[in-house]
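Residue numbers (our numbering), protein chains in the order written: chain L, 144 to 487; chain Y, 36 to 615.
Heads up, the beta-carbon is just placed ideally off N, CA and C, and yes, glycines get one too.
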């Protein structure tokens, strides 16, 4: 008797849970699939709701988000997607899961190189793939370009995460775009020959390795430096950050490789207007400033102040190649990493 | 008759009347297996798409390494879990030594620690910058990595060690149960023939426990194959890493599914080969209840040795990582931490609990249907249903989403056509879909535990009960269920604990605004903020401990009951003797 009662309660709980979970297509809502972590974006979304009264529902997903959108088809509840890395936006665009948006505000706030020409996706922040160099052991001018990393004078001095990580793949894809497949392969082979240890760990672990004297330089994204230098919860990371300088490669060349975090409206958005409002909100001063302050990223909107720490690394020339082009070379970049056995 | 003969050939099935093939047990089992197998079949279907000609490239470059590393990892983890699991399982089952009753349950605890968490903790401790090497440098006056050699934790060996430490409890749990149920008659006969306890263990106890040990190891190996977190963190180039590279970097989900399908076929071959190699063997006794073996008493230096042997996996797999997590969590804790965990914790408990109940129910139904009918079709189907555990979670999630969404869209299209209304997505993106995904992923766990336990009950007892007029359902309810209760509980707990750790399916299939403890860990870990991730990781481990303690209490109570009843009958009340 008690067991039956318990079973009934459990079934009812499941039922009601499931119904709560089904998104209601109410007027003042927008449903978001996000590659960006909740703790990074929730403050923006809360502010958006406060200003507009539009409720934001989020699924923070990663691998498989594209396949979910594809499977759900025209019945998908998602109105907009938030992603990091051009590769994800490009894959969604190629799969025809996004729709073009014509918004004066977005066009005004976001420079042309950071948005799709037809308004299929929009970049919201940029991050540069820089060289972290030991303050003690790297002389000025030793690493002025990515090409220097493949030169003999860097033998045994480089640390990096896996060559297969999205950030390294995008960097290699940009080198293919500028110099061709053969030159890119020679470069990757050269860097591999200069590694101090097998690729492993994440971007922060490489800075730690520099601090410990295992290597002299590493590749990393700019915002990690911000997170390390201000880390109150793991104070030892401040020491790692203090051991290195941020070098922007290619200042005399094509410019430092940058990638974006971005957003787009889905093909079958039910709340398209609200989705556009959200994108516009994220491109305006308030959100752009928050991206800079909280995540140590570079805002795409001109005139928005950078975080003082980020500003202290100085301004730099960014590679202005169209991000579409980089995305198109990613598969080839991944194959090069296999051919040179980068992680082996 | 004629049809069944045509289908099944002229074997023993042919003698059965047609109705036997179409009773409710068979039909139910076939339907259930088809539901569970659909996502796995979907992975094979995705694999038929054009994969962007990845194979030629892979063969020329990294595929040999992927295969080699994957095999080495499987052999390493297989050996590691076998040694740790059966070693401790036998010590606890056959010997009496100080602290045995604590070790009995404590040895299960490492199961609650997610693989990527233990990998992170040990990297911190053992890498160049960590305290261990720092101490060695201070002791010996070394100043740079070139002065000495130290094993690299981020390596194949490291991955084997990490995975063995958290996966051996599968082997421990199943082998210990098997050792406990072994008949004293056989072991004593062997001892009177002059074998010492160790040789007895190696030549009698282990072969008798083979089905249980094999199931334990195959669970550990399937989890090894689906592991992404650990091998990714250590950059160990396994096939699983290859799957994600092809999928996300080369934008070929078909290519990824092709690699995953190849892995599955390989796993299926291994499982079938093992079954084939013991096809002539039975692991249940004939009828007469036998005596339970009496524990040998370890004393003196040997007792100390036994305690140390049991302490090693426990402290390395549980105590140390949890201590590190605790100290990190203290740093990261702030005032509203507990509040922010309540909802995710409730979601985790609900999902894992529901998945555990369902997985046990489905596992029991399938195992019993096979026992009842044993048709070849059913046997093959139920092998396929267990394969979900060997697929990387994110790939399986795609396999689950596609048939579910296809069903939803079909219903939607139908209602639009006949009534002009849209039903939208009925199942996709709901908690139901997620629980279904968990069952598909974890069914192997419950199936394995239940099957190995049912296999130890002699079929003659079914025969006797049926001759006396009991229906198959009644035989299950009144005879088997009481006998295999312990194993069903173990099965439920295995699924529950794995559910608490489940990440890749949850993250992509979940409803809006829905978090679990594992996704909480992930959002910080993905941003490389491990200190912030530690409270949620700790919460997963601690909630994982609770059911383990429940399991042990129930096991204890059963044991006491048996003793109080004055019987010396073994765990299932039935004898199980040697290989015939």
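Determine the contact status of residue i and residue j, defining contact as a CB-CB distance below 7 Å.
i                      : j                      : result
residue 544 of chain Y : residue 480 of chain Y : no
residue 488 of chain L : residue 280 of chain L : Summary: the structure shown does not reach residue 488 of chain L, with chain L confined to residues 144 through 487, and so no result is reported for it.
residue 496 of chain Y : residue 522 of chain Y : no
residue 331 of chain L : residue 469 of chain L : no
residue 562 of chain Y : residue 60 of chain Y  : no
residue 443 of chain L : residue 271 of chain L : no
residue 256 of chain Y : residue 113 of chain Y : yes
residue 391 of chain Y : residue 530 of chain Y : yes
residue 207 of chain L : residue 486 of chain L : no
residue 410 of chain L : residue 240 of chain L : yes
residue 270 of chain Y : residue 395 of chain Y : no
residue 542 of chain Y : residue 204 of chain L : yes
residue 418 of chain L : residue 173 of chain L : yes
Please determine, among the options, the residue with the shortest C-alpha to C-alpha distance to residue i.
i                      : options                    : result
residue 167 of chain Y : Y/435, Y/186, Y/114, Y/95  : Y/186
residue 16 of chain Y  : Y/272, Y/113, Y/206, Y/257 : The question about residue 16 of chain Y has no answer here: the residues shown for chain Y are numbered 36 through 615.
residue 252 of chain Y : Y/115, Y/354, Y/235        : Y/115
residue 585 of chain Y : Y/541, Y/550, Y/525        : Y/525
residue 368 of chain L : L/355, L/404, L/351, L/357 : L/351
residue 573 of chain Y : Y/356, Y/298, Y/280, Y/69  : Y/356
residue 407 of chain L : L/378, L/423, L/290, L/343 : L/423
residue 466 of chain L : L/239, L/282, L/316        : L/316
residue 404 of chain L : L/365, L/311, L/265        : L/265
residue 254 of chain Y : Y/476, Y/416, Y/432, Y/587 : Y/476
residue 462 of chain Y : Y/444, Y/261, Y/377, Y/88  : Y/444
residue 239 of chain Y : Y/247, Y/250, Y/226, Y/249 : Y/226
residue 249 of chain Y : Y/546, Y/307, Y/554        : Y/307
With a threshold of 7 Å between beta-carbons, can residue i be considered close to chain Y, or not?
i                      : result
residue 182 of chain L : yes
residue 300 of chain L : no
residue 332 of chain L : no
residue 436 of chain L : no
residue 277 of chain L : no
residue 343 of chain L : yes
residue 198 of chain L : no
residue 387 of chain L : no
residue 461 of chain L : no
residue 357 of chain L : yes
residue 229 of chain L : no
residue 167 of chain L : Model confidence at residue 167 of chain L stands at a pLDDT of 46, short of 50, so the residue's coordinates are unreliable and nothing is read from them.
residue 224 of chain L : no
I want to see whether chain L comes within less than 7 Å of residue i, judged by CB atoms only; does it?
i                      : result
residue 41 of chain Y  : Because the pLDDT at residue 41 of chain Y is just 37, under 50, the model does not fix this residue reliably, and the point stays unresolved.
residue 97 of chain Y  : yes
residue 513 of chain Y : no
residue 270 of chain Y : yes
residue 563 of chain Y : yes
residue 6 of chain Y   : What the structure shows of chain Y is the stretch from 36 to 615, and residue 6 of chain Y is not part of that stretch, so it cannot be assessed.
residue 261 of chain Y : no
residue 566 of chain Y : yes
residue 476 of chain Y : no
residue 637 of chain Y : What the structure shows of chain Y is the stretch from 36 to 615, and residue 637 of chain Y is not part of that stretch, so it cannot be assessed.
Under the DSSP definition of a beta bridge, which residues are partnered with residue i?
i                      : result
residue 301 of chain L : L/338, L/360
residue 442 of chain L : L/268
residue 495 of chain Y : BP columns for residue 495 of chain Y are empty, so no partner.
residue 406 of chain L : L/225, L/265
residue 198 of chain L : L/172
residue 489 of chain Y : Beta-bridge pairing links residue 489 of chain Y to no other residue.
residue 461 of chain L : L/399
task: Could you name the residues of the region 204-219 of chain L whose beta carbon sits closer than 7 Å to any beta carbon of chain Y, in the order they occur along the chain?
output: When CB distances to chain Y are screened at a threshold of 7 Å, the residues of the region 204-219 of chain L falling below it are 204, 205, 206, 207, 208, 210, 211, 214, 215, 216, 218, in chain order.
- request: Could you run through the region 111-144 of chain Y and flag, in chain order, every residue whose CB is less than 8 Å away from some CB of chain L?
  value: none
Report task. Name, going along the chain, the residues of the region 425-441 of chain Y whose beta-carbon falls closer than 7 Å to a beta-carbon of chain L. Result -> 429, 432, 433, 436, 437, 440
Got a sec: which bits of the region 449-464 of chain Y sit with their beta carbon under 8 Å from any beta carbon on chain L, in order along the chain? Taking 8 Å as the Cβ-Cβ cut-off, the region 449-464 of chain Y approaches chain L at 457, 459, 460, 463, 464, given in chain order.
Residues from the region 526-542 of chain Y in contact with chain L, defined by Cβ distance under 8 Å
539, 542
- Query: Taking any Cβ of chain Y, which residues in the region 463-478 of chain L have a Cβ under 7 Å from it, in chain order?
  - Reply: 473, 474, 477, 478
Check: Between the region 163-178 of chain Y and chain L, which residues of the former have a C-beta closer than 8 Å to a C-beta of the latter?
Finding: 163, 164
### Interface positions of the region 279-309 of chain Y facing chain L (Cβ-Cβ less than 9 Å), listed along the chain
279, 280, 281, 282, 283, 284, 285, 286, 287, 288
Along the region 407-418 of chain L, where does the CB come closer than 9 Å to a CB of chain Y? Name the residues. none
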